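Undergrad: Residue numbers for the first sequence follow the working numbering, beginning at 90 and rising by one. Virtual Cβ for every residue (Gly too), placed ideally from N, Cα, C. Everything numeric in this text was worked out from a predicted model, so none of it was measured. Provided herewith is a single structure, encoded as structure tokens, for subsequent inquiry.
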Amino acid sequence: MAMLQSVCLASSLPNHTFLSPQLKRSFDPKNNVQIPTSETLYNFNSPFELKQVVAFLVKTNRPLSLLPLSRVASVCALTPTFPFAQQIFNCIEQSEVSVWNSCLRNLAEGNCVTNAIFLFHQMRIYNVVPDIFTCSFALKACVKLLDLSCGKIVHAYIEKLGFLSNLVLLNALLHLYATCGAMADSMLLFDKMPQRDVVSWNIMITQLAKKGDIDGAFELFSKMPERNLRSWTAMITGFVHCGKAKEAIRLFTEMEETGLRANEVTVVAVLAACADLGALQLGRRIHEYSNKSGFKRNIHVCNTLVDMYIKCGCLEAAKAVFEEMKERTIVSWSAMIQGLAMHGQADEALELFNNMIQTGMKPNEVTFLGVLHACSHMGLVNEGREFFASMTRDYNITPQIEHYGCMVDLLSRAGLLKEAYEFIVSMPINANGVIWGSFLGGCRIQKDVDMAEEAMRHLGILDPLNDGYYIIMSNIYAEAKRWEDAARVRKLMKDRGVKKTPGWSSITIAGVMHEFVAGDDNHPQAEEIFERWDKLLERMKFKGYVPNTSVVLLDMEENEKEKYLYRHSEKLALVFGLMTTKPGETIRIMKNLRVCEDCHAAFKVISEIAKREIVVRDRNRFHCFKDGLCSCKDYW
DNA sequence: GTAGGGTTAG
């Protein structure tokens, strides 16, 4: 039978005298290469060449089973010679679906996923009956392409073929609907499932968290019958992405208590949480753990470590991790450049950018954000303009609203308000609240009331609920001694129901985070902190510190204002830090808002008096106070 | 055969 088929096959084949020169050489009896080696048999790259090889095998009475079937499949899969491959599989009595499946899998996992969908359709056209593997690979391709309509076709086949009892396929369907934006369908399917395994739960938790429904995700997590490492990791990652870093860390601690050991993905999530919270101690512990567990070579882990150290104010540690990396992606470089920018090290940031270019790495839009950020934080106006022009000209990257934001910030801060204004109105995209907010910030530095009012007109429409802008505007009026206008802005804010975000500062001592708000006397050691401050203040004044009461907006007596000023949250945190740490130890403080001008001046003096390095992370950047100076060189 | 991770303007 097989022999007969071979003959039939042979009749439809080209004569092997038409062999391509390369194949002819391999098979030419004169060359003594009559018996095909596995290498020569693999050596066909098109259906045409395949036909020649088959012709040779048939005519020299060799079995077709010598052919590498996966190659046969991949050469014919997407072409009209599909049936030719089917004939070959038939001849050698090979179950053809399995060969197509492995081909389908390669396509689904490769870079050209549309081809997988095409092959799936080919299989249908030529009556290959899909099995569960076919369906699974096809679904994988649909998920990758976010192709819900094709996914629904596969779903229909799954149903028609009676595979709906297969849990793996059901899980793949859950994943399909959820990732393609049909969360409700996914949820419905999940609810209807006669049985679920840990994968089903993990898919739903991950997807709910990704869609921002962190409560829904946690509800499932809480009631799932059994959890594996991926369940915990999914939940921890979800918390981090929703900005709930504290919950992420709490859950991680709980996970450790169950005896599960974190893998690379868990580590990435926990480190990201540490970066958010500035939780240096935990970050360091995870770093050690990673090294011990052999995660050092994992690029995601290293990139997150760099980011964690940067956001915890340990620029040197970030650099050390970065230097040690054997392989770097654009993310590694961008993170490091951004880190140097945040620490006010513009020169180093730009130098690193140049080094990166020299290694042949191509910058992306995030890299340019870091570079522009560096320029704006250090007032490098010309360099910033040049980089902005270069990103389109040399790298074909279209600036996004964020890049325009950096430029507006750069120009406004440098006092070029007019240029900044013209830049905004000539942008090809509409300005948003952040753009006008940056401009407003520049107006405050330049004390330009008229321009500030113009910015506020836009902000009143674009971002009317953001308290920060009212505060700045009120500040600008107050500095111009226009008290009535300042009060009017305050009233407007109140009328619109906008509440001032309370400022807080935190410091971690012996693993415990202490949070302070302005005027805080709730801390158990409040008395001692105040006493200590009074003593410090005497020495500060002796060194030339003059309280800058203009930062206090309230219309009150000078000495009242001073008292107010002395109870700013960052000052309380610093004094507490001085009391509770060893002499010479670096003090690290975090603040949710920008550091106040008076505190900035005070911290410089204190760094000198107390001979301490003080690292402050505010909402924008780092200030590193040392020997009476700040790393921002007072440009912020 | 099904689930997961990194940098992002003020």
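Does the separation of the CB atoms of I325 and A368 fall below 9 angstroms?
TA: If you number the first sequence from 1, residue 325 lands on position 236. If you number the first sequence from 1, residue 368 lands on position 279. Result no, Cβ atoms of I325 and A368 do not sit closer than 9 angstroms.
Undergrad: V186 to F145, Cα distance in whole Å?
TA: Translated into the one-based positions of the first sequence, residue 186 becomes position 97. Translated into the one-based positions of the first sequence, residue 145 becomes position 56. Computed Cα separation, rounded: 26 angstroms.
Undergrad: Let's test the definition: count the other Cβ atoms within 10 Å of the Cβ of L554 and tell me whether it reaches 16, buried, or not, exposed.
TA: As a first step, residue 554 must be located in the first sequence, where it is residue number 465. By the neighbour-count criterion, in which 16 or more other beta carbons inside 10 Å mark a residue as buried, L554 falls on the exposed side.
Undergrad: Could you compute how far the alpha carbon of V587 sits from the alpha carbon of K300?
TA: In the first sequence, the residue the question calls residue 587 occupies position 498. In the first sequence, the residue the question calls residue 300 occupies position 211. Using only the alpha carbons, I get a separation of about 28 angstroms.
Undergrad: Opposite V606 in the DSSP bridges: which residues?
TA: The residue labelled residue 606 in the question sits at position 517 within the first sequence. Bridge partners of V606: W593.
Undergrad: Would DSSP call R706 helix, strand or coil?
TA: Counting from one through the first sequence, the residue named residue 706 turns up at place 617. Note: R706 maps to strand in three-state DSSP.
Undergrad: Please name the residue in I292, E646, K650 and M516 whose C-alpha comes closest to that of T638.
TA: Position 549 of the first sequence, counted from the first residue, corresponds to residue 638. Closest option to T638, Cα to Cα, is K650.
Undergrad: With 16 as the cutoff for other CB atoms within 10 Å, does R656 come out buried or exposed?
TA: Residue 656 sits at position 567 when you count from the first residue of the first sequence. It counts as buried.
Undergrad: Going by the CB atoms, is the gap between A306 and T295 shorter than 9 angstroms?
TA: Residue 295 sits at position 206 when you count from the first residue of the first sequence. Residue 306 sits at position 217 when you count from the first residue of the first sequence. Taking 9 angstroms as the Cβ cut-off, T295 and A306 qualify as a contacting pair.
Undergrad: Are E659 and V694 touching if we call contact CB-CB under 9 angstroms?
TA: For this step, residue 659 is matched to residue 570 along the first sequence. For this step, residue 694 is matched to residue 605 along the first sequence. Taking 9 angstroms as the Cβ cut-off, E659 and V694 do not qualify as a contacting pair.
Undergrad: For C269, collect the residues of the same chain with a Cβ closer than 6 angstroms to its Cβ; drop the 5 residues on either side in sequence, then sort them by chain order.
TA: What you label residue 269 is simply residue 180 of the first sequence in a count that begins at 1. Excluding residues within five positions, the ones whose Cβ falls inside 6 angstroms are L235 and L237.
Undergrad: Smallest Cα separation from V257: which of V578, A166 and Q284?
TA: Residue numbering aside, residue 257 sits at position 168 when the first sequence is read from its first letter. Closest option to V257, Cα to Cα, is Q284.
Undergrad: Closest by CA to A174, which one among A205, K140, C201 and Q614?
TA: The residue you call residue 174 lines up with position 85 of the first sequence. Closest option to A174, Cα to Cα, is K140.
Undergrad: Could you spell out the range, first to last residue, of the alpha helix (DSSP H) harbouring F737?
TA: The requested residue 737 is not part of the displayed model; the chain covers only 90 to 725.
Undergrad: Would you call G666 buried or exposed, if buried means 16 or more other Cβ atoms sit within 10 Å of its Cβ?
TA: Here residue 666 refers to the residue found at position 577 of the first sequence. With 16 or more Cβ atoms within 10 Å of its Cβ, G666 is classed as buried.
Undergrad: So, with DSSP's three-state summary, where would you put M414?
TA: For the purposes of this step, residue 414 is taken as the residue at position 325 of the first sequence. If DSSP states are grouped into helix, strand and coil, M414 belongs with coil.
Undergrad: Give the DSSP-derived three-state secondary structure of M90 in the structure shown.
TA: Translated into positions along the first sequence, residue 90 becomes position 1. Interpretation of M90 is limited by its pLDDT of 45, a score under 50 that renders its predicted location unreliable; no figure is taken from the coordinates.
Undergrad: Name the DSSP beta bridge partners of K148, please?
TA: Against the first sequence, residue 148 aligns to sequence position 59. Bridge partners of K148: none, in fact.
Undergrad: Could you tell me the distance, in whole angstroms, from the CA atom of K722 to the CA atom of R710?
TA: Residue mapping note: residue 722 aligns to position 633 of the first sequence, counting from 1. Residue mapping note: residue 710 aligns to position 621 of the first sequence, counting from 1. Each residue's alpha carbon lies about 13 angstroms from the other.
Undergrad: Touch check for the region 621-638 and the region 548-567: three-plus C-beta pairs under 8 angstroms?
TA: no
Undergrad: With 16 as the cutoff for other CB atoms within 10 Å, does F714 come out buried or exposed?
TA: Counting from 1 along the first sequence, the entry for residue 714 is found at position 625. Buried, by the Cβ-count rule.
Undergrad: Buried or exposed: which applies to F137, given that a residue is buried once 16 or more other Cβ atoms fall within 10 Å of its Cβ?
TA: By one-based count along the first sequence, residue 137 stands at place 48. With fewer than 16 other Cβ atoms within 10 Å, it is exposed.
Undergrad: For my contact list, C228 and L208 are in at a C-beta cut-off of 8 angstroms; report their separation, rounded to the angstrom.
TA: What you label residue 228 is simply residue 139 of the first sequence in a count that begins at 1. What you label residue 208 is simply residue 119 of the first sequence in a count that begins at 1. Contrary to the premise, residue 228 reads as Leu rather than Cys in this sequence. Contact doesn't hold; Cβ gap of about 14 angstroms is too wide.
Undergrad: Need the endpoints of the beta strand (DSSP E) that I561 sits in, please.
TA: Residue mapping note: residue 561 aligns to position 472 of the first sequence, counting from 1. It is not in any beta strand (DSSP E) - I561 instead sits in the alpha helix (DSSP H) that spans D556 to E568.
Undergrad: Would DSSP call V122 helix, strand or coil?
TA: Start at 1 with the first residue of the first sequence, and residue 122 comes out as number 33. Summary for V122: the model assigns pLDDT 47, below 50, so the residue's position carries little reliability; its value from the coordinates is reported in the next sentence. Assignment of V122 by DSSP, reduced to helix, strand and coil, places it in the coil class.
Undergrad: Tell me, which residues are paired with V601 by DSSP?
TA: On the first sequence, position 512 is the one that residue 601 refers to. DSSP output for V601 lists I598 as bridge partner(s).
Undergrad: Ignore the nearest five residues each way along the sequence and tell me which others in A166's own chain have a CB closer than 6 angstroms to its CB.
TA: Here residue 166 is taken as the residue at index 77 of the first sequence, counted from 1. Closer than 6 angstroms at Cβ, skipping near neighbours: C192 and L208.
Undergrad: Could you check which residue in Y493, M516 and E542 has the C-alpha nearest to that of V523?
TA: Residue numbering aside, residue 523 sits at position 434 when the first sequence is read from its first letter. Out of Y493, M516 and E542, Y493 has the C-alpha closest to the C-alpha of V523.
Undergrad: Going straight from the alpha carbon of I698 to that of N611, what length do you get?
TA: As a position in the first sequence, residue 698 is number 609, starting the count at 1. As a position in the first sequence, residue 611 is number 522, starting the count at 1. Rounded to the nearest angstrom, the two C-alpha atoms are 27 angstroms apart.
Undergrad: Kindly indicate the opening and closing residues of the alpha helix (DSSP H) around M582.
TA: Here the question's residue 582 lines up with position 493 in the first sequence. Where M582 is concerned, the enclosing alpha helix (DSSP H) stretches over W572 to D584.
Undergrad: Taking C-beta to C-beta, are S595 and A691 nearer than 9 angstroms?
TA: Position 506 of the first sequence, counted from the start, is the residue given in the question as residue 595. Position 602 of the first sequence, counted from the start, is the residue given in the question as residue 691. No.
Undergrad: Per DSSP, what are the beta-bridge partners of C495 in this structure?
TA: Mapped onto the first sequence, residue 495 falls at position 406. DSSP output for C495 lists no bridge partner at all.
Undergrad: Since K281 is in the beta strand (DSSP E), which residue starts that stretch and which ends it?
TA: Position 192 of the first sequence, counted from the first residue, corresponds to residue 281. Unbroken run through K281 is the alpha helix (DSSP H), M272 to K281; no beta strand (DSSP E).
Undergrad: When the Cα of Q614 is compared with those of G402, T669, N648 and V635, which residue comes out closest?
TA: Position 525 of the first sequence holds residue 614. The shortest Cα separation from Q614 among G402, T669, N648 and V635 belongs to T669.
Undergrad: Between V287 and S311, how many whole angstroms is the CB-CB distance? I'm expecting something under 8 angstroms.
TA: Position 198 of the first sequence, counted from the first residue, corresponds to residue 287. Position 222 of the first sequence, counted from the first residue, corresponds to residue 311. Their Cβ separation, rounded to whole angstroms, is 14 angstroms, which puts V287 and S311 out of contact at 8 angstroms.
Undergrad: Tell me, please, which residues DSSP counts as bridged to R677.
TA: Counting from 1 along the first sequence, the entry for residue 677 is found at position 588. Looking at the DSSP output, R677 sits in a beta bridge with V704.
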